[in-house]
Amino acid sequence: MSSGRRSRNSNGNLRISDEEIVQLVSRLNQLLPHSRLPTRRPSTSKGSASKVLEETCEYIKNLHREVDDLSGRLSQLLSTIDSDSPQAAIIRGMI
Numbered sequence: 010m011s012s013g014r015r016s017r018n019s020n021g022n023l024r025i026s027d028e029e030i031v032q033l034v035s036r037l038n039q040l041l042p043h044s045r046l047p048t049r050r051p052s053t054s055k056g057s058a059s060k061v062l063e064e065t066c067e068y069i070k071n072l073h074r075e076v077d078d079l080s081g082r083l084s085q086l087l088s089t090i091d092s093d094s095p096q097a098a099i100i101r102g103m104i
């Protein structure tokens, strides 16, 4: 991302170009594991950008839930084994 494509608005703040927004939305879309949106050609449509942002937010929420679930499962596992064992040390390192 080149800062040369950015301009300043009337308040003196940097403004990201439409091209950069399209590129960023396309990159986000490619990061989504099961995205139903096409990745072939980035769209300039506000609707598709909105959809990618919604899917990204939902994906991040799901990742947080998975992390919480796995942390809970590791904690439960840790409570069932000898706290001085090598396995316990590995599990503590994961939490």
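Under the working numbering, the first residue of the sequence shown carries the number 10, and numbering increases by one thereafter.
Positions of the beta carbon are idealized from the N, C-alpha and C atoms, including for glycine.
None of the values given here were measured: they were computed from a predicted structure.
### Message
Let me make sure I understand the geometry here. Which of 76, 79, 100 has the alpha-carbon closest to that of residue 87?
### Response
Position 78 of the sequence shown, counted from the start, is the residue given in the question as residue 87. Closest by alpha carbon: 100.
(request) Return the bridge partner residues of residue 33 from the DSSP annotation. (result) As a position in the sequence shown, residue 33 is number 24, starting the count at 1. Per DSSP, none; premise fails for residue 33.
_DSSP bridge partner residues for residue 41 (one or two, in chain order)_ = Taking the sequence shown and counting its residues from 1, one reaches residue 41 at position 32. For residue 41, which the question treats as bridged, DSSP gives no partner whatsoever.
Does the separation of the CB atoms of residue 104 and residue 96 fall below 7 Å? Against the sequence shown, residue 104 aligns to sequence position 95. Against the sequence shown, residue 96 aligns to sequence position 87. Contact: no.
Check your understanding: For the candidate residues 64, 59, 34, 102, whose alpha-carbon lies nearest to that of residue 84?
Key -> The residue labelled residue 84 in the question sits at position 75 within the sequence shown. The shortest Cα separation from residue 84 among 64, 59, 34, 102 belongs to 102.
task = Quick one: give me the first and last residue of the alpha helix (DSSP H) that residue 65 is part of.
result = On the sequence shown, position 56 is the one that residue 65 refers to. Note, residue 65: alpha helix (DSSP H), 55 to 88.
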